[in-house]
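Engineer: Mind having a look at this structure? Questions to follow.
Numbering (UniProt numbering), first residue to last: 1 to 59.
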């Protein structure tokens, strides 16, 4: 079981999610699989829960 410590405050959840300015990197196939089936409201939360790295792309 993966543990999740949500100590961040979620400012706002938007419904118009673009395939956009973010990058998710998962270190293992298990983490990638976890992220792929994650049902949390944002990809950032999924990445954190599954042990993946989530970062904004700098343009």
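Here a beta-carbon is modelled for each residue, glycine too, at the ideal position from N, C-alpha and C. The structure displayed is predicted, hence computed values, not measured ones.
Could you tell me whether the Cβ atoms of residue 40 and residue 49 are closer together than 8 Å?
Structural biologist: Yes, the Cβ-Cβ distance between residue 40 and residue 49 is below 8 Å.
Engineer: Pick out whichever of 44, 24, 22, 31 has its Cα sitting closest to the Cα of residue 51.
Structural biologist: Among 44, 24, 22, 31, the Cα nearest to that of residue 51 belongs to 31.
Engineer: Using DSSP with H/G/I as helix, E/B as strand and the rest coil, what is residue 39?
Structural biologist: In the structure shown, residue 39 sits in coil (DSSP, three-state: anything other than H, G, I, E or B).
Engineer: Less than 6 Å between C-beta atoms, sequence neighbours within five positions excluded: which residues of the same chain meet that for residue 27?
Structural biologist: Around residue 27: no qualifying Cβ.
Engineer: Out of curiosity, what's the CA-to-CA distance linking residue 43 and residue 33?
Structural biologist: The alpha-carbon atoms of residue 43 and residue 33 are separated by roughly 13 Å.
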